[in-house]
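What follows is one structure encoded as C-alpha cells, with my remarks underneath.
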Amino acid sequence: MNENKTQTKNQTKNQTVLISGGSVAGPALAYWLHRHGFTPTIVERAPQLRDGGYAVDFRGEALDVLDRMGLLEEIRALDTEMGDAALVDADGRQYTTLPAAVFAGDLEVLKGDLTRMLYEATREDVEYVFGDSITHLQQDADGVLVTFEHAAPRRFDLVVGADGLHSKTRALAFGPEEEFVRHLGIYTAIFNLGNYLGLENTGRLYTAPGKAANIFTARANTEARAAFHFAAEHLENDRRDTAAQKRIVAERFAGEGWEVPRLLEEMDAAQEFFFDSNAQVEMDSWSAGRVVLLGDAGYCAGPTSGRGTSQALIGAYLLAGELAARGGDHKAAFAAYEEQMRPYVAEHQVLGREGAERFFLPAPTQEFLDMLAANAPENTRTEPVRLPDYTPAAA
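Okay, structure coming up:
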C-alpha cells in the first residue's frame with residue numbers, strides 16, 4: 579500500500595469520489611485524493627489500460643507536481659531523448675532542421691508510459707473498473723446515483739469527469755458537446771509502427787499545403803510513431819469507426835510524396851490508431867452541483883498549446899488539495915480550484931489558438947522559421963500557477 583497516504587484533519591464530508599477516465603488526469607487525481615483520505619474509484623471505458631500513444635511533454639509546475647508525487651526521477655528515466663528532426667521535401671531531401679526544443683517541453687515521454695506509471699502508483703489503493711462507462715447521473719442533496727453501461731448502479735458523494743475532449747460526464751451534467759467544444763481547423767491521426775527507416779532519436783517532417791506528415795522514433799529506437807495532420811472544417815464521423823477514419827486520412831493524402839504512401843500502408847495495418855479534431859473546450863463553469871470536470875474534459879487547450887498533460891497534472895493536484903483543505907466541502911473546493919486554474923488555462927488556450935493558426939505555414943519561409951522560434955519553450959512560458967502545500971496537519 580502507498581505509505582505516503584495522509585489523512586485530512588476533521589474531514590467528514592464527501593468521502594467517496596467516482597472519477598470517469600483512466601488516462602492521466604483521472605489517476606493523478608485519484609493518487610492525491612487517496613493521500614488526503616478520500617476513497618476514489620476510477621471507471622474507464624477501455625477494456626484495459628491504454629498504454630500506447632504519442633509523446634507528451636511537461637513544463638514548469640507539472641514537474642513540481644510529479645516531484646511531490648515522488649515520481650519525477652522515474653518519469654525522467656522514461657524521457658524520449660528526442661533530438662533534432664529534419665524537414666524533408668517530396669523526394670526525401672532534407673532542407674532544414676527542426677530543433678528538439680520546438681516540440682519537446684522540459685521533459686518528454688510517451689503518453690502510454692505516463693499512463694502506466696500513474697496506474698502502477700495507484701492500483702493498490704484505488705478501485706479501477708475497466709470496460710464500463712457512465713450512462714446517467716442523478717444528483718440529490720446527499721450524493722450522486724450513477725448508472726453504468728454494464729455494472730449495477732452505485733452511489734458516490736462526488737463525480738469527476740476526467741474523460742477527455744469528448745467527455746460523457748460533461749454531456750450528462752452540462753449539456754451536448756457542441757455547446758462547449760471549439761474546433762481549431764485541424765485533424766490529426768497518430769499510429770504506432772516499426773522504425774523501418776532506422777532513425778535514431780530523431781524524426782522527419784513532410785509538409786504540403788494544408789497538410790503534414792511526420793515520423794519519430796520511440797522506445798529507444800525500437801519503435802516509431804507517425805502522424806498525419808490536415809486542415810479541415812468540422813467533419814461528421816463516428817469516433818469509434820477506425821476504418822472510416824483511416825479512409826478519410828488516406829483520401830486526404832493520396833498522391834503525396836516522400837514516405838507518405840508507405841506510411842498510409844502502415845496506418846491501414848496499425849492496431850493502435852488515434853484520430854480526432856484539434857479542439858478546445860470553453861465553459862463558463864467547470865462544476866454543476868456534485869459533478870466537476872478535470873483536464874481536457876473541462877478546459878482542453880488543444881494539442882497546439884503543448885499544455886494538456888501539464889494542465890491535467892496541476893488540475894488534479896489543486897482539485898484534490900482544495901477538497902482536503904476544505905474538509906470535503908465540494909462547493910467551496912470546486913470554486914477555489916476553478917479560481918486558481920482559470921488564468922493558467924486562459925493563457926494556454928491563447929497559445930493553442932495561435933499555434934493552430936500557424937500550423938500549416940509554408941516551409942522554410944521566414945515566417946515559418948519565426949514560428950519555430952516562437953514555439954521554443956523559453957518563448958512560450960506562461961505565468962506560473964501557485965501550488966499550495968496541502969499536506970494536512972496531523973490528525
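For the sequence shown, the tail end lands on 973 under the numbering used here, and the numbers increase by one without skipping. Using N, Cα and C, we set each Cβ at its ideal position, and we do this for glycine too. Computed from a predicted model, the values in this text were never measured in an experiment.
- In the three-state scheme derived from DSSP, where H, G and I count as helix and E and B as strand, residue 881 is classed as helix.
- If you check the CB distance, residue 612 and residue 735 do not come in under 7 Å.
- Residue 883 is positioned such that its CB atom lies closer than 7 Å to that of residue 929.
- Annotation: the continuous alpha helix (DSSP H) that includes residue 900 extends over 886-903.
- Assignment of beta-bridge partners to residue 799 by DSSP yields no partner.
- Sequence-distant Cβ neighbours of residue 690 in its own chain, meaning closer than 6 Å and more than five residues away, are 629, 630 and 631.
- Residue pairing of residue 635 in beta bridges, as defined by DSSP: 686.
- Here residue 906 carries a coil assignment [DSSP, helix/strand/coil].
- With 16 or more other Cβ atoms inside 10 Å of its own Cβ, residue 837 counts as buried.
- Residue pairing for residue 858: DSSP places it in a beta bridge opposite 760.
- Taking the Cα of residue 644 as reference, the smallest distance to any Cα among 890, 801 and 813 is reached at 890.
- Here the stretch 853-872 lies against the stretch 723-738, with 3 or more beta-carbon pairs under 8 Å apart.
- Comparing C-alpha distances from residue 775 to each of 761, 803, 729 and 756 shows the shortest one belongs to 803.
- DSSP, reduced to helix, strand and coil, places residue 604 within a helical segment of the structure shown.
- The Cβ-Cβ distance between residue 875 and residue 760 does not fall below 7 Å.
- In this structure, residue 845 lies away from residue 752, with their beta-carbon atoms at least 7 Å apart.
- According to DSSP, residue pairing for residue 849 in a beta bridge does not occur.
- Around the beta carbon of residue 829, a 10 Å sphere encloses fewer than 16 other beta carbons of the protein chains shown; the residue is thus reported as exposed.
- Going by DSSP, residue 775 is part of no alpha helix (DSSP H) at all; its letter is neither H nor E.
- In the DSSP assignment, residue 826 is bridged to no other residue.
- Residue 697 and residue 619 have their C-alpha atoms some 13 Å from each other.
- In the three-state scheme derived from DSSP, where H, G and I count as helix and E and B as strand, residue 717 is classed as strand.
- DSSP lists 595 as the beta-bridge partner residues of residue 618.
- For residue 915 and residue 839, the gap between their C-alpha atoms comes out near 47 Å.
- Linking residue 968 to residue 820 through their CA atoms gives a straight-line distance of about 43 Å.
- Secondary-structure assignment with DSSP links residue 770 through a beta bridge to 803.
- For the set 688, 791, 728 and 733, the Cα lying nearest the Cα of residue 668 is the one of 791.
- Distance between residue 765 and residue 732, taken at the CA atoms: about 37 Å.
- Taking 7 Å as the cut-off, the Cβ atoms of residue 633 and residue 723 do not count as close.
- Per DSSP, residue 705 is one residue of the beta strand (DSSP E) stretching across 705-708.
- For residue 665 and residue 608, the gap between their C-alpha atoms comes out near 41 Å.
- With a contact defined as Cβ atoms closer than 8 Å, residue 894 and residue 606 qualify at about 4 Å.
- A residue is called buried once 16 or more other Cβ atoms fall within 10 Å of its Cβ, and residue 849, having fewer, is exposed.
- Cβ-Cβ separation between residue 602 and residue 692: approximately 6 Å, consistent with a contact (criterion under 8 Å).
- Cβ contact annotation for residue 626 (same chain, cutoff 7 Å, sequence separation greater than five): 708, in chain order.
- Residue 743 is classed as buried because its beta carbon has at least 16 other beta carbons within 10 Å across all chains shown.
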